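Be aware that the sequence shown starts at 33, since it is given in the working numbering, and climbs by one per residue.
One structure below.
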Amino acid sequence: MVPLLMGTIPVQVSAASYETEVLADSPLVYYRLEESQGTAVLNLGTLGAAAEGTYSDTTTDVLLGKDSASAALGKAVRLDFGSIRVPDLGQGPLDQFSIELWINRQSDPAPGAFFAIYAGDGFSGNTLHFNLKEPSATPAGPQLEFAIPAGGAHPQFFPMWPTNEWHQLVVTRDGTTSAVRVYLDGRFVSEGTKGAAPEFLDGTIGAWGSTRNLDALIDEVAIYPVVLAEDRIAAHFNAAKLALDPPEIVSQPVGATVFPGDHITLTTAARGQALGYQWFKDSVAIAGATSYSYTIDPVTATDGGTYALQVSNLVRSVMTTNAVVTVSGGAKPISLISHLTFDTDTVVNTTELRNAVAGRANGVFLQAPSFGRAAPTLSTADAKVGDGAMALDGNTFLQLFDDAALNNLQAYTFAAWVKVDGFDDPSGVASIFSYDGDAPPNGKLQVSAYADGHLSVNTYGDGVFEAPTPTGWFHLAFTHDSSPGVTNAVLYLNGVVAAQGTANLPGNLAIGGTTLGSFGWATRRLIGSLDDVRFYDGALTAAAIAALPPAGSATLGFSRSGNQLTLSWTAAGYKLQQSADLGSPSGWTDVANGGTSPVTVAAGTGNKFYRLLKP
Ligand SMILES: [Ca+2]
Ligand SMILES: [Ca+2]
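Pasting the structure below:
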């Protein structure tokens with residue numbers, strides 16, 4: 033499982049407003065395009081009402097009140113075969129000149145054709161025609177044309193920015209050098225020359241008369257009688273940008289190889305504001321997958337593919353790198369994900385025990401003395417596996433640290449050596465293992481011994497598996513698999529099936545943050561011992577359960593000579609037992625002379641099972 037880590041990181045906003053920055057440079061015309069009705073376009077520039085604009089139409093061709101590039105820019109307008117009339121500014125040719133606007137092209141002109149950003153009526157003298165022109169040959173993409181009939185060739189530029197993105201566009205002409213400079217998003221792009229100054233007689237934003245209609249969202253159109261310096265252009269841009277940065281991918285999604293029935297969460301982190309998300313699988317948008325993370329639960333064979341996330345805001349869209357999810361067709365390997373050995377080398381300090389599984393953070397926390405309870409002790413005298421076990425006196429218990437790996441298990445095995453010596457709680461119940469910190473839809477696991485001599489495994493009321501409690505040390509294992517089509521739960525005692533059936537857990541089991549030897553922190557304390565507590569992230573088979581380390585880590589081996597089978601083991605203190613039927617808990621019998629290794633028996637017909645028992 034890929035852990036879900038983080039979300040979006042907000043950006044602090046604090047700067048002079050965009051309007052303040054623009055007005056500081058004294059534009060003649062400054063159309064913010066904030067209107068919500070009517071056809072008059074308010075001019076905040078120095079010419080005031082004398083240079084008020086007029087929308088050609090505000091019902092179909094000019095759509096008011098559109099979202100702009102950022103909150104700092106307020107509203108924008110959509111020109112869809114509509115335009116904005118600009119009156120004669122009465123200034124004569126503007127020897128020093130700048131025009132600035134925000135533009136989000138929706139389409140490009142046909143090859144060889146024009147869109148007019150601003151076009152004076154007619155085309156003579158110093159009339160400005162500021163166009164987008166689609167070249168009929170390479171380079172592809174719209175070129176900007178700064179056309180004035182007088183003054184020689186019309187400089188053309190290739191800022192090369194895509195459609196469907198907002199950009200700040202500024203063109204300046206310096207009368208002292210004839211330099212025409214183009215800026216995009218606060219930065220200088222390219223330079224040409226034009227030997228004539230533009231003059232603003234009657235003209236139109238977004239069209240030339242009724243032709244060359246611009247197909248775009250536009251906003252914040254300003255005409256200046258000065259050459260804006262690059263730092264001023266950048267200041268304007270930054271005033272807008274601070275309110276809405278383009279999205280920035282901070283962390284990329286990571287693919288994985290998973291198995292059917294697994295869960296996987298692809299997650300990213302992006303920086304920016306007003307971000308929108310869309311996940312893609314094999315370049316096709318996934319319906320409803322519009323968060324910064326995407327969870328597949330459960331994984332099926334068809335979920336394999338290449339995933340990527342598109343992060344968007346009004347400035348632009350960016351894609352994450354690809355994350356390849358491979359769904360394995362093989363059987364899922366089962367891993368030991370938590371293992372408490374209670375051996376002496378696992379003592380970290382007076383309050384903590386180390387998990388024997390490398391990398392697992394959930395050590396064991398011994399009950400804090402401030403709760404009036406003594407810590408459990410590690411008993412080396414009564415160890416069942418290794419050199420230590422946990423002794424519980426009815427006052428003590430252990431708490432496992434919460435571990436995400438234990439909180440999203442669709443299939444699992446809980447296994448432990450247990451010895452029930454008594455009951456501290458008046459209810460006559462002793463909790464071996466309990467999780468009580470969660471609620472449906474996640475399941476819980478409760479393993480308890482009862483004073484009447486039975487023990488119970490309860491999967492949060494949705495499946496109860498009971499059997500008589502063996503005396504002395506016994507091995508308890510409970511497996512559960514809630515994968516689709518597999519609803520099996522099996523309780524094993526001393527390696528054989530004691531109870532089994534169907535448990536319909538409503539969701540995935542959550543067993544992190546649990547207690548051993550107590551129900552929660554308050555009741556049902558166990559008097560007894562626990563050893564070799566294990567969790568696996570899958571349901572072990574009966575054979576695998578039988579193969580779990582027996583007492584003292586003795587290993588049973590065999591060799592055959594003819595029909596003679598010799599069984600041998602390494603540790604003392606065991607006796608050899610045999611059974612012809614693993615399904616029968618009472619079927620185990622002692623092997624003759626089985627108290628000492630080795631033992632030689634004659635092989636017969638049928639199956640025969642052997643085990644070592646530590647009395
Ligand atoms: Ca605006
Ligand atoms: Ca141990």
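Glycine included, every Cβ here is placed at the ideal spot set by N, Cα and C.
Treat the numbers as computed from the prediction; the structure is a model and nothing was measured.
Give the DSSP-derived three-state secondary structure of residue i in the structure shown.
i	result
tyrosine 324	coil
isoleucine 255	strand
glycine 469	At glycine 469, the pLDDT of 47 sits below 50, so the modelled position is not reliable and the matter cannot be decided from this model.
glutamate 262	helix
glycine 460	coil
glycine 404	Note that glycine 404 scores a pLDDT of 44, beneath 50, so its modelled location is shaky; the value from the coordinates is reported in the next line. Three-state result, glycine 404: coil.
glycine 619	helix
phenylalanine 178	strand
phenylalanine 498	First, the amino acid is wrong: residue 498 is glutamate here, not phenylalanine. DSSP places glutamate 498 in strand when its eight states are reduced to three.
alanine 583	Residue placement at alanine 583 is poorly supported in this model, since its pLDDT is 43, which falls under 50; the coordinates still yield a value, given next. Helix.
alanine 185	coil
leucine 645	strand
glutamate 84	coil
glutamate 51	helix
leucine 36	With a pLDDT of only 29 at leucine 36, under 50, the local geometry of the prediction cannot be trusted, and no value is derived from it.
isoleucine 577	helix
alanine 142	coil
leucine 65	coil
alanine 333	helix
asparagine 270	helix
aspartate 89	coil
alanine 103	helix
threonine 236	strand
aspartate 377	helix
For the candidate residues the options, whose alpha-carbon lies nearest to that of residue i?
i	options	result
leucine 216	Ala239, Asp263, Ala509 and Thr376	Asp263
alanine 14	Phe146, Ile296 and Ala530	Examination of residue 14 is not possible in this model, given that the chain is present from 33 through 647 alone.
glutamate 53	Val450, Leu260 and Thr573	Leu260
alanine 254	Ala248, Ser242 and Ile265	Ile265
alanine 448	Ala578, Asn345 and Val343	Ala578
leucine 599	Asp484, Val633, Tyr87 and Ala302	Val633
proline 500	Ala509, His512 and Tyr482	Tyr482
tyrosine 606	Pro617, Leu645 and Gly418	Leu645
alanine 288	Arg348, Pro230, Asp329 and Ala355	Ala355
aspartate 206	Arg219, Ala229 and Phe189	Ala229
alanine 108	Asn75, Leu246 and Ser68	Ser68
leucine 70	Thr338, Gly638, Ile116 and Gly549	Per the sequence shown, the amino acid found at residue 70 is glycine instead of leucine. Of Thr338, Gly638, Ile116 and Gly549, the residue nearest in Cα terms is Ile116.
glycine 361	Ile369, Tyr339 and Phe291	Phe291
glycine 460	Leu523, Arg557, Ala415 and Glu223	Arg557
valine 686	His507, Ala531 and Asp456	Residue numbering for the chain in the displayed model covers 33 to 647; residue 686 lies beyond these limits and cannot be assessed.
aspartate 112	Arg244, Asp425, Leu608 and Lys313	Arg244
lysine 226	Thr90, Pro617, Pro181 and Ser367	Pro181
Quick check: is any heavy atom of ligand 2 less than 6 angstroms from the C-beta of residue i?
i	result
valine 417	yes
serine 447	In the sequence as displayed, the identity of residue 447 is alanine instead of serine. Checking the Cβ of alanine 447 against ligand 2 gives no.
aspartate 563	yes
phenylalanine 374	yes
Assuming residue i and residue j are in contact, meaning their beta carbons sit under 8 angstroms apart, how far apart are those beta carbons, in whole angstroms?
i	j	result
leucine 121	leucine 60	6 angstroms
proline 125	asparagine 163	Actually they do not touch by this definition, with Cβ atoms about 19 angstroms apart.
threonine 547	leucine 430	7 angstroms
isoleucine 250	glycine 238	7 angstroms
valine 350	isoleucine 281	6 angstroms
leucine 65	valine 73	7 angstroms
aspartate 453	glycine 337	Actually they are not in contact, since the Cβ atoms of aspartate 453 and glycine 337 sit about 55 angstroms apart, beyond 8 angstroms.
serine 325	leucine 298	6 angstroms
Quick one: is the Cβ of residue i within less than 6 angstroms of any heavy atom of ligand 1?
i	result
serine 130	no
serine 49	no
arginine 64	yes
glycine 106	yes
serine 344	no
glutamate 84	no
glutamate 252	yes
serine 68	no
serine 88	no
Residue i: buried (16+ other C-beta within 10 angstroms of its C-beta) or exposed?
i	result
threonine 353	exposed
lysine 640	exposed
asparagine 270	buried
valine 343	buried
glutamate 384	exposed
aspartate 57	buried
glutamine 596	exposed
serine 130	buried
glutamine 138	exposed
CB of residue i to nearest heavy atom of ligand 4: below 6 angstroms?
i	result
alanine 421	Of the ligands one can find in the structure shown, namely ligand 1 and ligand 2, none is ligand 4.
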